[in-house]
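Engineer:
In full-length UniProt numbering, the protein residues as written are 1 to 151.
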């Protein structure tokens, strides 16, 4: 399963529930490169706080919390970091194929699964089914329309 990640509340609840049903399930968090405190925290083994964040996915600018960190550390298998242009491409794909307008924060899970980093991840070969949470319709229509016009 791949889910957008910021403060850790949604992914913590999802990881606890999913791993209690199937402990072998792989859980991947997705976060933007301009707010990648969770990826840095996982790599360091402790919470890393960024001085600032900068991403089109404004809903993911919150920092990892003290209560959610132990769950993310122990139950989330990895954090896939994506660039803003990959997020915009995922939003565009959602609109063009699914006919669903998804905000940048909600499209990041799809952006992660489509990324080379996810495709090359060693756990990928073991994945038979992938669940992606697409959420949030708080879309700046100007940004969406501009992204749809770009090739």
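Think of the CB as a built atom: it goes at the ideal place given N, C-alpha and C, for glycine as much as any other residue.
Would the stretch 79-97 and the stretch 28-36 be scored as touching if the rule is three or more Cβ pairs under 8 Å?
Structural biologist: The stretch 79-97 vs the stretch 28-36: in contact.
Engineer: Three-state secondary structure (DSSP) at residue 31?
Structural biologist: Looking at residue 31 - three-state DSSP - the assignment turns out to be strand.
Engineer: Which residue's Cα is closest to the Cα of residue 57: 136, 146, 149?
Structural biologist: That would be 136, whose Cα lies nearest to the Cα of residue 57.
Engineer: What's the C-alpha gap between residue 115 and residue 17?
Structural biologist: Rounded to whole angstroms, residue 115 to residue 17 spans 26 Å at the Cα level.
Engineer: In whole angstroms, give me the CA-to-CA distance for residue 12 and residue 76.
Structural biologist: Spanning the two alpha carbons is a distance of roughly 8 Å.
Engineer: Going by Cα to Cα distance, which pick from 92, 7, 27, 23 is closest to residue 123?
Structural biologist: Considering only alpha carbons, the answer is 27.
Engineer: Between the stretch 101-108 and the stretch 52-70, do at least 3 Cβ pairs fall closer than 8 Å?
Structural biologist: Yes, they touch.
Engineer: Between the C-alpha atoms of residue 49 and residue 63, what's the straight-line distance to the nearest angstrom?
Structural biologist: Rounded to the nearest angstrom, the two C-alpha atoms are 7 Å apart.
Engineer: Under three-state DSSP, which class holds residue 78?
Structural biologist: In this structure, residue 78 counts as strand in the three-state DSSP scheme.
Engineer: Measuring alpha carbon to alpha carbon, tell me which of 146, 131, 21, 43 ends up nearest residue 79.
Structural biologist: Nearest option by C-alpha distance: 43.
Engineer: Could you give the DSSP three-state label for residue 11: helix, strand or coil?
Structural biologist: Residue 11: helix per DSSP, three-state reduction.
Engineer: Could you tell me which uninterrupted beta strand (DSSP E) segments, each at least 3 residues in length, are contained entirely in the stretch 38-89, listed from first to last along the chain?
Structural biologist: As far as the stretch 38-89 is concerned, its whole beta strand (DSSP E) runs of at least 3 residues are 78-82.
Engineer: Leaving out the 5 sequence neighbours to the left and right, which residues in its chain are closer than 7 Å to residue 132 when beta-carbon positions are compared?
Structural biologist: Once the five neighbours on either side are set aside, the close Cβ partners of residue 132 are 2, 109, 110, 113.
Engineer: Alpha carbon to alpha carbon, how far is residue 7 from residue 97? Give it in angstroms, no decimals.
Structural biologist: Spanning the two alpha carbons is a distance of roughly 30 Å.
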